[in-house]
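*Asks:*
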Amino acid sequence: TPKPNVRNVMITSALPYVNNVPHLGNLIGSLLSTDVFARYCRLRNYNTLCICGTDEYGTATETKALEEKCTSREICDKYYDLHTKIYKWFQLEFDFFGRTSTQKQTEIAQDIFWKLHKRNLIFNQSVEQLYCDICE
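Residue numbers for the sequence shown follow my numbering, so the first one is -17 and each next one is one higher.
1. Report yes or no: do three or more beta-carbon pairs, one from the stretch 103 to 115 and one from the stretch 33 to 45, lie closer than 8 Å?
2. Tell me, to the nearest whole angstrom, how far the beta carbon of cysteine 32 is from that of glutamate 75; I am working on the premise that it is less than 8 Å.
3. Would you check if the distance between the CB atom of cysteine 58 and the CB atom of serine 83 is smaller than 8 Å?
4. Looking at the structure shown, is asparagine 2 part of a helix, part of a strand, or coil, going by DSSP?
5. Does any residue of chain B have a CB that is nearer than 8 Å to the CB of leucine 74?
6. Quick one, are the C-beta atoms of asparagine 8 and lysine 46 less than 8 Å apart?
7. So, at 8 Å on beta carbons, what are the nonlocal neighbours of arginine 24 in its own chain, with the 5 sequence-adjacent residues on each side left out?
8. Give the DSSP-derived three-state secondary structure of glycine 40 in the structure shown.
9. From which residue to which residue does the alpha helix (DSSP H) around phenylalanine 19 run?
10. My output table needs one value for isoleucine 90: the three-state DSSP class, helix, strand or coil.
11. Cutting at 7 Å between CB atoms, please list the residues of its own chain near histidine 65, excluding the five before and the five after it.
12. Buried or exposed, going by whether 16 or more other CB atoms sit within 10 Å of the CB of isoleucine 116?
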C-alpha cells in the first residue's frame, strides 16, 4: 500500500513463460536485476513492492502441452511450481509471485482494457518502416 511522505516503489520484471524449466538466462536476464533493485530500495527504507509471476498464455504453452500430452492448465500448474521452487532456491524475494491465468488477474486486465477503450485510447495503426532483406 502506498504511504504518504515516503518514497513508494513498485518493481516488476518481464514475466517468465511457464513452458519449460527456468534457466540462467531467465534469472540473469530480468529476475536477478529486479531482485537486486528491490533489495537496494529496501536498504534505503523505501516502501517497496516487488511483484512478478508467470505468463501462462501463448503458443509456447499450448505447444508444450501437446508435446507432453496434457492440458495447458496442467503445464501451467507443473511449471509454475517448478519456477517457484527454483526462484526460492536462488533466494529471489518477491512480495507477490502470481499467475496471469487467475480470475483476479483476468478481471484487472479486462478492467484496464475497457477503461482505456472507453476513452478511445486503444486504436489500430499501421506504420511503414524500412526493411532490409540482407539484415533480416
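Using N, Cα and C, we set each Cβ at its ideal position, and we do this for glycine too.
All of these numbers come straight from a predicted model, not from anything done at the bench.
*Replies:* In short:
1. no
2. 7 Å
3. yes
4. coil
5. Of the chains in the structure shown, none is chain B; there is only one protein chain.
6. no
7. Thr30
8. coil
9. 14 to 25
10. helix
11. Pro(-2), Val0, Pro4 and Thr36
12. exposed
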